[in-house]
Amino acid sequence: MMNPGPQSVISHQYSSIKYSLANTSLLIHDEGTKIKQFYHIGHRIDGTKRSLYAQVRICTHKTYNIRRAVKTYTLSEDAYVSPSGDDVGFRSQIGLNLSAIMNEIIIMSKLNHPNVAKLFEVFLESRHIHLIIELCKGGEIFDLLAREQRLSSSKALSITAQILLGIRHMHMARLCHRALCIENVMFKDKEKTEIKIISFSNAGILKATNLHDRYGSPLYMAPEVFAGNYNENCDIWSIGVILYTMLVGHQPFQGKGYVEIMKCVNKGKVASDPIYKQQLPVIKNLIKMMLKKENRPGATEMLENAFFDPYFRDKNTQIYQEITNFVRTVAESGTLLPKFRFGVILKMCVYNVLLRTGRMWEEFHCESLWKDLDIAHSGTIQAEVMLEALSNWTGGLFHQDWGRIIYELLDINHNGTIAHDHFMGFTFRIYEKQFIYDAFDLMDDNKDGILTVENLILYFPVDFEQFNNLIIKVLNTENVTIEDFCTHINKFSL
1 MMNPGPQSVI
11 SHQYSSIKYS
21 LANTSLLIHD
31 EGTKIKQFYH
41 IGHRIDGTKR
51 SLYAQVRICT
61 HKTYNIRRAV
71 KTYTLSEDAY
81 VSPSGDDVGF
91 RSQIGLNLSA
101 IMNEIIIMSK
111 LNHPNVAKLF
121 EVFLESRHIH
131 LIIELCKGGE
141 IFDLLAREQR
151 LSSSKALSIT
161 AQILLGIRHM
171 HMARLCHRAL
181 CIENVMFKDK
191 EKTEIKIISF
201 SNAGILKATN
211 LHDRYGSPLY
221 MAPEVFAGNY
231 NENCDIWSIG
241 VILYTMLVGH
251 QPFQGKGYVE
261 IMKCVNKGKV
271 ASDPIYKQQL
281 PVIKNLIKMM
291 LKKENRPGAT
301 EMLENAFFDP
311 YFRDKNTQIY
321 QEITNFVRTV
331 AESGTLLPKF
341 RFGVILKMCV
351 YNVLLRTGRM
361 WEEFHCESLW
371 KDLDIAHSGT
381 IQAEVMLEAL
391 SNWTGGLFHQ
401 DWGRIIYELL
411 DINHNGTIAH
421 DHFMGFTFRI
431 YEKQFIYDAF
441 DLMDDNKDGI
451 LTVENLILYF
461 PVDFEQFNNL
471 IIKVLNTENV
481 TIEDFCTHIN
491 KFSL
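So the sequence shown is residues 1 to 494, counted in the UniProt record's numbering.
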C-alpha cells in the first residue's frame, strides 16, 4: 500500500478540523472554495512583521463590505510527508509545517475576546491556506516603541491591563500563548487605545501535566520554559518583560545569544537602568511580581493588583459617560422612545445569543462596574441605585426626568430592578458587525431572512404580547428583517 502524498495529508487534516470545529463560530469553507468568491484582496499590511511563512493583506467582504486581514500560507510544491505520516513539511520553508497552521486554526477557534485577534474564516486552495482575521489598523507595540523609544506609565498600564485580560481569557480556556512579545501585540485602531494579541501557531493546550516544548523569543521566555517544564504562568513572565520594555525601551534580560540570555534569565536579575530606577515603586513591584521565578501570580490575581485600579476606574467612567450621553439622546428624541427600547432589546438578544453559543467574552470592566452597583450581591441592580450612581458621576447633572428612560429601557420585568444579563446586554460593545449578522442567522431557524417574536423570545424571554406589540408599533409589521435588525441595533442602542 502506497503512503499518502502531501496533498492527501493536507486534505485529510483540513477535513478533520472542519468536522471537529463544525459547531464553533469559525467558518471553514469546503476545500477548493476560492477566497476571491467572497473577498476583494488588497495590499500587504504586515510591514515590519513580514513572516518567512505567511503574507498578510487587507481584504474586504464583497457582501458585508467589512474590512479584514487575510493571512496566507503558501503550500510550496516541495512539500514532504513527515515520518509519522500525519504532518507535512516544506523544504523551501524550513520551520513551517502543516501541524503549526492547523494548531493556529484550532487555538483561534476557541478564542473570542476583545483583546484577542478574532479568526472568522478559513479557505484551503490548491497551494494556499487563507485565514481571515480581524483587522488591526494601529501597528505593533514594536512600531510604537521604535518611534517613541519608551511609553508613559499610563499608556503602559492600559496596554498591560488589556494583555492580561486577553491572556486571562486564554488561560480560562485552558490555552497558553507561549510567544508573547512586543511584536505579537497589535493596536486595533490608529488611535492606539485598544490592543489585540496575535500569533497563535505556537500556542499550547493545557492538560493535567506541564508543557515541555520550548517556544517563543528568548528575550521574553520564562526560566521554566528554558528548562522545558512549565504551565500557563509562563505568559505572565512574558507580560512582565513587555511592561518593562515599554517603560524602559529595552528588555530586562540581555545577552549576545540564546545561552547568554538564558543564563541572565535564570539569574533573575533585571538589567540595571536609570530609567527603570526612576519608575514608581508600585510599578517596579508589579514587574517583580510578574518576573518571580516561583509562586508567580496568575492573570486574575495580577488584574486585582491596585496598579490597575485607574484603568478600570477609567473604564467605568467611560461606561457612565456613554450611558449618560445615550440617555440624553433618547430624552431629546421625543417620540422615538419605542425605537430605542426596541434597539436595546435587540442588542440584548445579540448578547444572549453570543453568550449561549460560546461566542461571547466576559466584559471584565463591565463586570467590575456591575459589582459596584450590585450592592446587595443579589444578582440584580436596583434601578434607583443606578440612577444615583449616574447622578453622582455627573455631579448631580443627571436630569431627574431621565430616570424614567432608564426604567423604560432596562427595567424589562417592570419590578424596579435591572437583571445581570440585561445590564450586560445593554453595556457590552459589539466589536465586529459580523456578530450582529451571526446572531440574526442563529435565531433565524428556518433561514427565510425574517425574525418574529417567536424567534426572539427564545433568546430574550419577555412578555410575548407586549414584545409583539412593540415590534408592530416600531415596524408596522410582525416581521423583523436583517435590515431592521442591524439598523435598530446600530442607531438605537448604546
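Positions of the beta carbon are idealized from the N, C-alpha and C atoms, including for glycine.
Only a predicted model underlies this, so the values are computations on that prediction, with no experimental measurement involved.
Return the bridge partner residues of Tyr73 from the DSSP annotation. Along the sequence shown, one-based indexing puts residue 73 at 73. According to DSSP, Tyr73 bridges with Ala54 and Ile129.
Under 7 Å, do Asp484 and Leu494 count as touching if we go by C-beta distance? Position 484 of the sequence shown, counting from 1, holds the residue named residue 484. Position 494 of the sequence shown, counting from 1, holds the residue named residue 494. Result no, Cβ atoms of Asp484 and Leu494 do not sit closer than 7 Å.
Quick one: complete alpha helix (DSSP H) runs, 4+ long, within the segment 203-230? The qualifying runs are 223-227.
Could you give the C-beta distance for Ile66 and Lys433, rounded to a whole number, given that I count them as a contact under 8 Å? In the sequence shown, residue 66 corresponds to position 66, counting from 1. In the sequence shown, residue 433 corresponds to position 433, counting from 1. Ile66 to Lys433, Cβ: 6 Å. Contact.
Glu148 versus Phe142: straight-line alpha-carbon distance, rounded: Translated into positions along the sequence shown, residue 148 becomes position 148. Translated into positions along the sequence shown, residue 142 becomes position 142. Between the C-alpha atoms of Glu148 and Phe142 there is a straight-line separation of about 10 Å.
Does the count of Cβ pairs from the segment 248-257 and the segment 270-287 closer than 8 Å reach three? yes
Would the segment 70-87 count as touching the segment 3-17 if we require 3 or more Cβ pairs under 8 Å? yes
Taking contact to mean at least 3 C-beta pairs separated by less than 8 Å, is the segment 150-163 in contact with the segment 94-103? No, the segment 150-163 does not touch the segment 94-103.
Can you tell me which of the three DSSP states Ile45 falls into? Start at 1 with the first residue of the sequence shown, and residue 45 comes out as number 45. Looking at Ile45 - three-state DSSP - the assignment turns out to be coil, as it is neither helix nor strand.
Within 7 Å, strictly: CB atoms of Lys71 and Leu111: As a position in the sequence shown, residue 71 is number 71, starting the count at 1. As a position in the sequence shown, residue 111 is number 111, starting the count at 1. Against a cut-off of 7 Å, the Cβ pair of Leu111 and Lys71 comes out as no contact.
What did DSSP end up calling Lys18 once you bin it into helix, strand or coil? In the sequence shown, residue 18 corresponds to position 18, counting from 1. Residue state, collapsed to three classes: helix.
Met348 and Gly416 look like a contact to me (Cβ under 8 Å); what is the Cβ gap, rounded to whole Å? By 1-based counting over the sequence shown, the position of residue 348 is 348. By 1-based counting over the sequence shown, the position of residue 416 is 416. Contact flag wrong, Cβ pair sits at about 18 Å.
In terms of residue numbering, what span does the alpha helix (DSSP H) encompassing Phe326 cover? On the sequence shown, position 326 is the one that residue 326 refers to. Element bounds for Phe326: Asp309 to Glu332.
What's the call for Asp235, buried or exposed, on a 16-neighbour Cβ count within 10 Å? Looking up residue 235 in the sequence shown gives position 235. It is buried - the Cβ of Asp235 has at least 16 other Cβ atoms within 10 Å.
At the level of alpha carbons, what is the spacing between Trp393 and Thr317? Looking up residue 393 in the sequence shown gives position 393. Looking up residue 317 in the sequence shown gives position 317. Those two C-alpha atoms are separated by around 8 Å.
Using the Cβ count rule (16 or more neighbours within 10 Å means buried), how would you classify Tyr351? Reading the sequence shown from its first residue, position 351 is the one you call residue 351. Burial call: buried.
According to DSSP, is Glu121 helix, strand or coil? Taking the sequence shown and counting its residues from 1, one reaches residue 121 at position 121. Strand at Glu121.
If we count the other Cβ atoms within 10 Å of its Cβ and call it buried at 16 or more, is Ile94 buried or exposed? Working through the sequence shown from its first residue, we reach residue 94 at position 94. Ile94 should be labelled exposed.
Identify the continuous beta strand (DSSP E) that holds residue 538 and give its terminal residues. Not covered by the structure: residue 538. The range shown for the chain is 1 to 494.
Thr380: first and last residue of the uninterrupted beta strand (DSSP E) it sits in: Walking along the sequence shown from the start, residue 380 turns up at place 380. Unbroken beta strand (DSSP E) run through Thr380: Thr380 to Gln382.
Judging by CA-CA distance, which residue of Ile275, Met170 and Leu52 is the nearest neighbour of Ser152? In the sequence shown, the residue the question calls residue 152 occupies position 152. Nearest option by C-alpha distance: Ile275.
Extent of the continuous beta strand (DSSP E) to which Ile418 belongs: On the sequence shown, position 418 is the one that residue 418 refers to. That run of the beta strand (DSSP E) goes Thr417 to Ala419.
Just to confirm, is the Cβ distance from Asp87 to Leu96 under 7 Å? Taking the sequence shown and counting its residues from 1, the one referred to as residue 87 is at position 87. Taking the sequence shown and counting its residues from 1, the one referred to as residue 96 is at position 96. No. Outside cutoff.
Does the Cβ of His43 have 16 or more other Cβ atoms within 10 Å, making it buried, or fewer, making it exposed? Sequence index remark: in the sequence shown, residue 43 carries index 43 (1-based). Exposed, since its Cβ has fewer than 16 Cβ neighbours within 10 Å.
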